[in-house]
Amino acid sequence: MSNVPDTLRYRESHEWIDPTQSPSPVGITDHAQAELTDVVFVDPPKVGAQVTAGQQVCVIESVKAASDIYAPVAGEIVAINEALGSDPGLLNREPYTGGWIFKIKPSSPAEFDALMDAGAYGKHIA
Amino acid sequence: MSDTTPLRRTPLHAVHVEMGARMVPFAGWDMPVMYTGIVDEHKAVRQSVGVFDISHMGQFIVSGPGAEAFLNRVLTNNITKLQPGQGQYTLLLTGLGGVIDDLIAYRTSEREFYLVVNASRIDADWEHLETQLNKDDDVMMANASDFTAGLAIQGPKAREVAAAVFGNETSFPEHNTILVTMTDTGPMWLCGTGYTGEEGFEFFMPMETAEMWFRKIVEAVKAAGGMPCGLGARDTLRLEMGYPLNGNDLSEQRTPLQAGLGFFVDLDKGNFTGREALVAQKAAGLPDKLAAFRMTGAAPPPRPHYPVAFAGDIIGEVCSGTQSPSLGVGIGMAYVPLSAATIGSTLEIEIRGRLFPAEVVKKPFYRKPSV
Numbered sequence: 010m011s012n013v014p015d016t017l018r019y020r021e022s023h024e025w026i027d028p029t030q031s032p033s034p035v036g037i038t039d040h041a042q043a044e045l046t047d048v049v050f051v052d053p054p055k056v057g058a059q060v061t062a063g064q065q066v067c068v069i070e071s072v073k074a075a076s077d078i079y080a081p082v083a084g085e086i087v088a089i090n091e092a093l094g095s096d097p098g099l100l101n102r103e104p105y106t107g108g109w110i111f112k113i114k115p116s117s118p119a120e121f122d123a124l125m126d127a128g129a130y131g132k133h134i135a
Numbered sequence: 104m105s106d107t108t109p110l111r112r113t114p115l116h117a118v119h120v121e122m123g124a125r126m127v128p129f130a131g132w133d134m135p136v137m138y139t140g141i142v143d144e145h146k147a148v149r150q151s152v153g154v155f156d157i158s159h160m161g162q163f164i165v166s167g168p169g170a171e172a173f174l175n176r177v178l179t180n181n182i183t184k185l186q187p188g189q190g191q192y193t194l195l196l197t198g199l200g201g202v203i204d205d206l207i208a209y210r211t212s213e214r215e216f217y218l219v220v221n222a223s224r225i226d227a228d229w230e231h232l233e234t235q236l237n238k239d240d241d242v243m244m245a246n247a248s249d250f251t252a253g254l255a256i257q258g259p260k261a262r263e264v265a266a267a268v269f270g271n272e273t274s275f276p277e278h279n280t281i282l283v284t285m286t287d288t289g290p291m292w293l294c295g296t297g298y299t300g301e302e303g304f305e306f307f308m309p310m311e312t313a314e315m316w317f318r319k320i321v322e323a324v325k326a327a328g329g330m331p332c333g334l335g336a337r338d339t340l341r342l343e344m345g346y347p348l349n350g351n352d353l354s355e356q357r358t359p360l361q362a363g364l365g366f367f368v369d370l371d372k373g374n375f376t377g378r379e380a381l382v383a384q385k386a387a388g389l390p391d392k393l394a395a396f397r398m399t400g401a402a403p404p405p406r407p408h409y410p411v412a413f414a415g416d417i418i419g420e421v422c423s424g425t426q427s428p429s430l431g432v433g434i435g436m437a438y439v440p441l442s443a444a445t446i447g448s449t450l451e452i453e454i455r456g457r458l459f460p461a462e463v464v465k466k467p468f469y470r471k472p473s474v
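Residue numbers (the numbering used here), protein chains in the order written: chain A, 10 to 135; chain B, 104 to 474.
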């Protein structure tokens with residue numbers, strides 16, 4: 010079974026965001042990494058970019074295919090995970106910790122409420 | 104192929120699903136792309152052993168007093184060089200020299216040949232061979248594709264697996280040889296070949312026996328430290344060796360000379376379909392050539408159809424491309440003008456609107472570390 014931490018919020022397209030931190034880290038779920046398998050490259054977003062909720066912001070590549078990653082909420086990208094440049098496999102090994110992709114400073118924290126909680130996401134992938 | 108055409112299933116389809124494979128459409132078939140992961144499966148074949156379902160591939164039996172002459176007239180390699188039990192890589196061309204298919208032809212006896220062809224080209228190959236056949240050729244052709252299953256056992260421990268599964272029933276087929284054996288369960292064709300660059304063999308059998316053999320072989324493969332492998336690993340393994348894939352790297356629009364397969368074309372053996380076109384192309388000079396490239400810096404993996412630039416101009420597109428699991432870099436092949444195809448020249452691959460540098464390199468991309 011996939012790990013779905015209670016403290017996070019989720020998008021249908023399998024990104025997670027941590028609303029308890031500011032800025033909020035964003036990554037892909039354990040379920041998503043298991044589907045993708047072997048991530049070999051992360052094309053990160055630009056630090057400083059202003060993005061809207063649901064905007065495609067970066068691409069992660071497995072051996073098999075390229076997958077788009079969407080911003081869970083609107084805001085400014087304030088950091089990217091440099092460690093993924095040399096070790097993209099972190100996304101597979103530690104999807105919720107070392108494998109975070111970028112940090113976003115939400116422009117409207119109310120948007121978190123539009124995302125799924127762990128219970129809803131668990132049903133979504135069941 | 105239209106979207107409504109139902110995908111065909113090999114006799115192992117249910118077993119793949121039972122083993123947790125992810126199924127994808129390939130050449131009109133619903134095939135396993137992976138069981139656990141492409142990289143693990145790839146490494147199993149490089150380091151121990153893997154087994155692949157290749158039941159989608161086609162088999163033709165061409166026999167009769169005229170079989171050798173007929174095949175030598177339609178295939179590029181010189182089939183008269185084969186002794187019974189030997190095989191060779193060869194190509195089937197259009198009259199204009201374009202590649203209809205690449206295949207392996209084995210001589211199973213003085214007057215009989217066993218051809219193993221690509222799944223996507225079974226119908227095209229068969230139609231082409233029929234149109235090339237004359238009434239007085241004294242040749243019989245049988246298409247065994249619909250009732251033949253196949254497994255590829257590949258990797259340094261392939262011999263170990265063969266010994267465990269077959270015991271004394273048959274010996275191991277050496278490279279480019281075929282052993283045809285009659286067993287209690289029917290005939291077996293063991294072909295010393297593969298598509299991975301590792302030692303191994305392809306094993307063809309009657310469809311009804313496929314599941315029994317597959318389960319036995321998977322067990323032996325796992326005991327040897329390997330695993331069942333999907334088409335994803337088959338693709339990364341073959342591309343690391345620089346082997347072309349029909350449909351990606353070979354097509355009727357280009358000749359084997361452009362594809363770098365001149366070694367398998369015997370222009371001196373007498374006439375064969377497409378020969379005149381090849382002779383003319385050789386005299387005129389090749390317009391382009393299949394170059395192997397590897398990404399030189401941090402870059403996303405190159406993938407089919409990405410544009411390829413040289414000296415600032417887009418000159419073609421990626422035919423095959425992937426991240427090499429063995430090398431950890433992006434590798435690919437593309438048709439480029441000869442001026443861009445020299446070893447060491449710099450290409451650029453356009454990926455999502457950005458250009459990433461790549462270097463033209465010699466094939467194979469991957470060489471086995473010397474022991």
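Yeah, the Cβ is synthetic: ideal placement off N, Cα and C, and Gly gets one too.
| Asked | Found |
| --- | --- |
| Euclidean distance between Cα positions of B:G489 and B:G167 | The requested residue 489 of chain B does not occur in the structure, where chain B is confined to residues 104 to 474. |
| Span separating the alpha-carbon of A:V87 from that of B:I452 | 29 Å |
| Terminal residues of the alpha helix (DSSP H) in which B:D143 lies | I141 to Q150 |
| Chain-ordered residues of the segment 67-82 of chain A with a beta carbon less than 9 Å from chain B | V68, E70, S71, V72, K73, A74 and A75 |
| Contact set between B:G140 and chain A, taken where Cβ atoms lie within less than 8 Å | T46 and D47 |
| Cβ-Cβ separation, B:I418 to B:A443 (assumed contact under 8 Å), whole Å | 6 Å |
| Neighbour list for B:V136 in chain A, Cβ cutoff strictly below 8 Å | K73 |
| Residue-chain proximity (B:T339, chain A), Cβ-Cβ < 8 Å | yes |
| Contact with chain A by B:G66, beta-carbon distance below 8 Å | No answer is possible for residue 66 of chain B: the residues shown for chain B start at 104 and end at 474. |
| Chain A contact residues for B:A401, given Cβ-Cβ distances below 9 Å | F50, G94 and S95 |
| Closer than 8 Å to chain A by CB, B:P428 | yes |
| B:D156 to B:F269 span [Cα, whole Å] | 18 Å |
| Top-ranked residue by Cα proximity to B:A261, from B:K325, B:D228, B:D226 and B:Y217 | B:K325 |
| Helix, strand or coil at B:Q235 according to DSSP, with G and I counted as helix | helix |
| Rounded straight-line distance, which links the Cα of B:E462 to that of B:S423 | 15 Å |
| Simplified DSSP state of B:M285, which is helix, strand or coil | strand |
| Simplified DSSP assignment, three categories, for A:M125 | strand |
| Buried versus exposed call for B:T288 [16 or more other C-beta atoms within 10 Å across all chains shown] | exposed |
| Three-way DSSP call (helix, strand, coil) for B:G377 in this model | coil |
| Chain A within 8 Å of B:P404, Cβ atoms only | yes |
| Beta-carbon gap between A:D47 and A:N101 smaller than 8 Å | yes |
| Beta carbon proximity, B:R149 to chain A, threshold 8 Å | no |
| B:G424, enclosing beta strand (DSSP E) - first and last residue | D416 to Q426 |
| Touch test, the segment 305-317 of chain B against the segment 246-260 of chain B, Cβ-Cβ under 8 Å, three pairs minimum | yes |
| Contacts around B:Y209, its chain only, beta-carbon distance under 6 Å, and the 5 residues preceding and following it disregarded | G190, Y217 and I281 |
| Continuous alpha helix (DSSP H) assignments of at least 4 residues falling wholly in the segment 315-343 of chain B | 334-343 |
| Within-8 Å CB hit, B:T425 to chain A | yes |
| CA nearest to the CA of A:I110, picked from A:A119, A:P81, A:D15 and A:S117 | A:P81 |
| Proximal chain A residues relative to B:R455, where beta-carbon distance stays under 9 Å | D52, V68 and A75 |
| Run of the beta strand (DSSP E) containing B:Q257, from where it starts to where it stops | T251 to Q257 |
| Local Cβ density within 10 Å of B:Q361, reported as buried at 16 or more and exposed below that | buried |
| Sufficient close CB pairs (3 or more, under 8 Å) joining the segment 171-187 of chain B to the segment 134-152 of chain B | no |
| Contact check, B:I320 vs B:I225, beta carbons under 8 Å | no |
| Rounded C-alpha distance that separates B:E121 from B:C332 | 14 Å |
| Exposed unless 16 or more other CB atoms sit within 10 angstroms - verdict on B:V382 | exposed |
| Contact check, B:T425 vs B:T339, beta carbons under 8 Å | yes |
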